[in-house]
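Going letter by letter, the first sequence gives residues 42 to 512 in the working numbering.
Each remark here refers to the structure printed beneath this line.
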Amino acid sequence: MHLHDTRRRAVVSLEPLEPGHVGIYTCGPTVYAPQTLGNMRSQFTPDVLRRTLLADGLDVTFVTNITDVGHLVSDGDEGDDKIEAAAARTGSTAEEIAAHWTEQWATDRRRLGMLEPDHLPKATDYLPQQIEMVAMLEAKGHTYRIDDGVYFDVSTFPGYADFAGLDLTEMEASGRVDNIADKRHPADFALWKSSPEGSTRLQEWDSPWGVGFPGWHIECSAMSTDLLGVQFDIHTGGVDHIRVHHTNEVAQTECALGVHPWVPIWMHTEFLNLGAVKISKSKGHVLVVDTLVEEGIAPLAFRYFLFQAHYRAQQTFSLDLVRAADTALRRLVGHAVAARDAVGGEVVAPSGGRAAELRAAFWAAMHDDLNTPKAMSVVSTVARDPELTPAERWALLADADQVLAFGLSEATDPSAGGDVTDDPVVARRLADRQAAKEARDFATADAIRDELAADGIEITDTPDGPRARRR
RNA sequence: GGCGGCGUGGCCGAGUGGCUUAGGCAAGGGACUGCAAAUCCCUGUACCCGGGUUCGAUUCCCGGCGCCGCCUCCA
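Right, dumping it as structure tokens:
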């Protein structure tokens with residue numbers, strides 16, 4: 042398996058720290074609002090990675106977190122907590138807000154065919170670990186205290202700028218990154234934030250530095266190392282995390298735990314370019330999985346859509362493009378079901394030269410830094426290559442579905458649609474139309490078809506007789 | 001302004017110094033159908049502009065134009 046590592050800016054070979062096992066950590070959502078389709082893309086990448094490694098026979102531990110405290114709405118290290126703001130806005134508690142959006146996110150993950158995480162830690166459950174890590178940093182002289190809280194002193198970590206290729210001197214010269222007056226360097230960041238004098242936050246905890254709440258980077262360091270070990274194989278997230286969040290995670294973790302490099306491979310998923318359909322989050326109208334459902338698009342069509350572009354390239358989004366993916370997925374499932382049913386669902390090892398060649402091509406693409414577009418081109422070939430027997434076709438598609446997760450083993454013929462003949466009125470109209478057709482009274486037959494179409498029921502004549510499905 | 005990336009056929013979107021006509025959707029043709037729809041089969045068009053390197057560049061270098069991201073919470 043070859044993967045792109047952001048730190049080294051190169052595609053490198055995955056060498057598990059512990060043979061046969063791979064630990065993966067992905068920065069999860071801050072649960073104060075729905076996760077957009079763009080957010081879901083950055084969860085999609087590690088799911089594909091994980092499924093590929095599992096198919097390779099590796100033991101994978103996948104951890105992603107729930108950030109239910111600590112991120113701030115404004116720039117730098119000041120401003121209000123997003124979750125507190127959402128709670129204030131809706132008159133709920135912070136816990137209610139977090140629980141609601143956590144559940145929504147988990148539902149969306151499932152609808153997009155993602156495996157459940159092996160661990161799903163919540164930041165609020167890891168206060169002792171976070172405090173401990175801050176204390177370690179303090180003991181090693183990497184921190185200083187100001188009224189606002191405990192800050193990480195980047196000058197104590199010579200490699201601070203390396204991860205993201207930052208220019209610290211310019212950062213210093215070009216002035217403020219935020220408004221925390223007492224910070225020694227603009228890049229210094231909060232490890233522990235003190236609660237404001239005389240006021241009480243919804244979420245605050247006691248600590249060696251007084252009542253407050255953890256800084257916004259320390260949770261990932263604490264949870265990932267607690268669950269995966271001091272070092273683990275792969276850390277993923279969105280590209281927007283490279284500059285600040287991951288740079289700071291690396292700094293505090295390497296300093297606290299004395300390891301370098303802390304994580305060998307950092308993978309970052311590019312943005313989904315929402316372009317014209319971009320809708321402001323603050324207006325409460327966002328593109329989410331439910332938006333697709335409302336448009337009559339299957340969530341798995343979005344998964345198919347994501348497979349069509351490489352995770353390190355920005356991908357153009359539009360509803361029409363996802364509809365195109367929906368069509369492509371439906372046809373793929375049709376081929377898969379036909380092949381599967383032709384061989385009674387039995388999966389045999391692909392034996393023929395052509396089959397072996399295609400299977401190798403699929404996995405080679407996946408192992409080449411998750412080249413899913415290339416892999417999908419192989420899948421499309423497999424779906425209709427005339428040289429393959431149905432048994433070979435089904436074996437290859439079932440094999441690929443370990444990663445695709447389109448549910449090919451359980452899928453039904455998509456052209457069949459849902460059965461609507463249990464509605465007596467519809468059933469009678471269908472019978473009327475059949476009678477008219479047999480009497481060669483096509484005017485009447487077509488009128489009934491149009492009438493049912495107006496009610497959203499689509500009639501399809503097939504060699505086996507008419508089929509009706511609700512659109 | 002600084003840093004990074006991109007510009008491929010109608011729309012997406014892989015890829016390569018000289019046979020991948022990648023693949024998907026759309027489009028056109030055909031099969032099927034009473035007609036459709038759905039489905040299946042077949043087919044076409046490409047590498048932003050200008051230089052350069054090279055026997056040869058879509059692929060490498062330089063310049064230009066255009067677009068995007070980050071630099072501020074953000075996947």
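All C-beta atoms in this analysis are idealised placements derived from N, C-alpha and C, irrespective of residue type, glycine included.
Only a predicted model underlies this, so the values are computations on that prediction, with no experimental measurement involved.
What's the gap between the Cα of residue i and the Cα of residue j?
i      : j      : result
Leu438 : Trp233 : 51 angstroms
His282 : Pro227 : 17 angstroms
Gly117 : Cys296 : Residue placement at Gly117 is flagged as unreliable, the pLDDT there being 42, under the threshold of 50; a coordinate-derived value is accordingly withheld.
Asp473 : Thr368 : 31 angstroms
Leu373 : Ala486 : 32 angstroms
Gln272 : Ile138 : 33 angstroms
Arg152 : Asp97  : 24 angstroms
Val63  : Arg50  : 21 angstroms
Glu157 : Thr86  : 14 angstroms
His292 : Val378 : Checking the sequence shown, residue 292 turns out to be Ala, not His. So the two alpha carbons sit approximately 51 angstroms from each other.
Ala342 : Pro75  : 20 angstroms
Ala365 : Thr413 : 17 angstroms
Lys319 : Ser359 : Confidence in Lys319 is poor, its pLDDT being 44 and thus under 50, which makes the residue's placement unreliable; the coordinate value appears in the next sentence. Taking the straight line from one Cα to the other gives about 9 angstroms.
Asp454 : Phe447 : 13 angstroms
Tyr352 : Thr310 : 5 angstroms
Ala147 : Ala477 : 50 angstroms
Glu499 : Glu387 : 33 angstroms
Asp46  : Gln355 : 17 angstroms
Leu161 : Leu370 : 30 angstroms
Ile107 : Gln145 : 12 angstroms
Asp194 : Thr134 : 34 angstroms
Asp88  : His376 : 25 angstroms
Arg225 : Val191 : 12 angstroms
Val423 : Val444 : 15 angstroms
Thr197 : Asp440 : 50 angstroms
Asp189 : Ala126 : 20 angstroms
Phe254 : Gly61  : 38 angstroms
Give the range of the beta strand (DSSP E) segment to which residue i is assigned.
i      : result
Phe254 : Gly253 to Pro255
Ala51  : Ala51 to Ser54
Tyr66  : His62 to Thr67
Gly279 : Ile275 to Gly279
Trp146 : Looking at the DSSP string, Trp146 is not in any beta strand (DSSP E); the run it does join, the alpha helix (DSSP H), is Ala135 to Arg152.
Phe346 : Per DSSP, Phe346 belongs to no beta strand (DSSP E); it is in the alpha helix (DSSP H), Pro340 to Phe348.
Leu232 : Phe230 to Ser235
Phe103 : Asp100 to Thr105
For residue i, does the three-state DSSP call read helix, strand or coil?
i      : result
Tyr167 : helix
Met174 : helix
Thr288 : helix
Trp404 : helix
Leu449 : coil
Glu59  : strand
Leu44  : strand
Asp409 : strand
His160 : strand
Gly299 : coil
Arg225 : coil
Glu179 : helix
His282 : helix
How would you call residue i, buried or exposed, if buried means at least 16 neighbouring beta carbons within 10 angstroms?
i      : result
Ser54  : exposed
Thr93  : buried
Val104 : buried
Ala263 : buried
Phe483 : exposed
Glu398 : exposed
Thr294 : buried
Arg481 : exposed
Asp496 : exposed
Lys181 : exposed
His287 : buried
Could you pull the DSSP bridge partners for residue i from this structure?
i      : result
Pro507 : Asp502
Tyr185 : Tyr192
Trp307 : His276
Gln356 : Leu313
Trp246 : Gly253
Thr108 : Thr71
Just to confirm the assignment, what range does the alpha helix (DSSP H) spanning residue i have?
i      : result
Lys478 : Pro465 to Glu479
Met417 : Thr413 to Arg425
Asp440 : Pro431 to Leu445
Ala494 : Phe483 to Ala495
Val363 : Leu360 to Ala383
Val334 : Val330 to Glu335
Thr522 : Residue 522 lies beyond the range of the chain shown here (42 to 512); nothing can be said about it.
Met264 : Ile259 to Leu269
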